[in-house]
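Asker:
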Amino acid sequence: MGKKYKNPPVVETLCEFNFIPSQPWDLTIPGLIYEKLKDEFPDRKQQIGIGVQFKATEKGLEHKVEPALPRVQFYKKDKTALIQVAPDLLAVNQLKPYLTWNKFKPMILEGFRVYKEIVNPKGFRRVGLRYINIIEFEKADIKDYFQYYPFIPGDMPQLHGPFSTRVEFTYEEGNENLILTLSSLTPKKPDIISILLDIDYAMVVPEYISFEQISEWLDKAHERAENAFESSITNKAREIFEEEKL
Numbered sequence: 010m011g012k013k014y015k016n017p018p019v020v021e022t023l024c025e026f027n028f029i030p031s032q033p034w035d036l037t038i039p040g041l042i043y044e045k046l047k048d049e050f051p052d053r054k055q056q057i058g059i060g061v062q063f064k065a066t067e068k069g070l071e072h073k074v075e076p077a078l079p080r081v082q083f084y085k086k087d088k089t090a091l092i093q094v095a096p097d098l099l100a101v102n103q104l105k106p107y108l109t110w111n112k113f114k115p116m117i118l119e120g121f122r123v124y125k126e127i128v129n130p131k132g133f134r135r136v137g138l139r140y141i142n143i144i145e146f147e148k149a150d151i152k153d154y155f156q157y158y159p160f161i162p163g164d165m166p167q168l169h170g171p172f173s174t175r176v177e178f179t180y181e182e183g184n185e186n187l188i189l190t191l192s193s194l195t196p197k198k199p200d201i202i203s204i205l206l207d208i209d210y211a212m213v214v215p216e217y218i219s220f221e222q223i224s225e226w227l228d229k230a231h232e233r234a235e236n237a238f239e240s241s242i243t244n245k246a247r248e249i250f251e252e253e254k255l
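In my numbering, the protein residues as written are 10 to 255.
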């Protein structure tokens, strides 16, 4: 079991399922899903979709923007969580305040159960579990708060502007990966440093896991994302989050 914090830095957690295209999208599907979820997610919204297609031509790479089928969103009354559906896609988002994993995981599984029952998808193309954290502290050396940070060669100026670092780690013989991103953000207050720590663990090879394995996979993904988070920060950062002793 991982550490528990009084003020966790996570601003959004999401699980996104991309399914193998297998059948035309019936426009009645969002309504059928809503009927199953409306007791917990009563507020329905529609997000207009935009598709971009790239094509290589003699003049170079050309792109064409076309309307795409909309993504339908179902929100909780307090707007702290939502479920999104679109052709071959299901996403479950938890916003602040973050729930414990023992509460977020059942929400994911219930959304998946309903989508699977109504849509009858063929199989997983990709599944991702992502944690988006924003960590703020008074101006100081980033090394005081992070174990993972940009390396600046000694003969370069040590004071620098905005930055972004990204590392991809492979798991399960390349069938899964974890992308760890650390980026600077524009702070809301002067004399404050604002850092984005984005952790995205995903199954990236179609049908590497079956529908029946999703519960076990989610626990594994959560554990690896949690380990990546704890490995990326220092005890000084943990003081900001106020670790609760179990």
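Note that beta-carbon positions come from the ideal geometry of N, C-alpha and C, so glycine has one too.
So who's on the other strand from Val176, going by DSSP bridges?
Answerer: Sequence index remark: in the sequence shown, residue 176 carries index 167 (1-based). Val176 pairs with Leu189.
Asker: Should Ala149 go down as buried or exposed, given a rule of 16 or more other Cβ atoms within 10 Å for buried?
Answerer: Position 140 of the sequence shown, counted from the start, is the residue given in the question as residue 149. That one is exposed.
Asker: To the nearest angstrom, how far is it from the Cα of Glu44 to the Cα of Leu99?
Answerer: Translated into positions along the sequence shown, residue 44 becomes position 35. Translated into positions along the sequence shown, residue 99 becomes position 90. Rounded to whole angstroms, Glu44 to Leu99 spans 16 Å at the Cα level.
Asker: Taking its Cβ as the centre, do 16 or more other Cβ atoms sit within 10 Å of Leu191, making it buried, or is it exposed?
Answerer: By 1-based counting over the sequence shown, the position of residue 191 is 182. The residue in question, Leu191, is buried, as its Cβ has 16 or more Cβ neighbours within 10 Å.
Asker: Could you spell out the range, first to last residue, of the alpha helix (DSSP H) harbouring Asp153?
Answerer: Stepping through the sequence shown from its first residue, residue 153 is reached at position 144. Here Asp153 belongs to no alpha helix (DSSP H), and DSSP marks it neither H nor E.
Asker: For my contact list, Tyr210 and Asn184 are in at a C-beta cut-off of 8 Å; report their separation, rounded to the angstrom.
Answerer: As a first step, residue 210 is located in the sequence shown; it is residue number 201 there, counting from the start. As a first step, residue 184 is located in the sequence shown; it is residue number 175 there, counting from the start. In fact, because the Cβ distance is near 12 Å, the residues do not count as touching under 8 Å.
Asker: Return the first residue and the last residue of the beta strand (DSSP E) that Phe28 is part of.
Answerer: Residue mapping note: residue 28 aligns to position 19 of the sequence shown, counting from 1. Counting along the chain, the beta strand (DSSP E) containing Phe28 begins and ends at 19 to 28.
Asker: Mind checking whether Leu227 and Ile143 have CB atoms under 8 Å apart?
Answerer: Numbered from its first residue, the sequence shown carries residue 227 at position 218. Numbered from its first residue, the sequence shown carries residue 143 at position 134. Contact flag unset, no.
Asker: Taking only three categories from DSSP, how would you classify Leu205?
Answerer: As a working mapping, residue 205 is identified with position 196 in the sequence shown. Here Leu205 sits in strand by DSSP.
Asker: If I measure Cβ to Cβ from Glu25 and keep anything under 6 Å in the same chain, skipping five residues before and after, which residues do I get?
Answerer: For the purposes of this step, residue 25 is identified with residue 16 of the sequence shown, where counting begins at 1. For Glu25, where only same-chain residues beyond five positions count, the Cβ hits under 6 Å are Ala100, Gly137.
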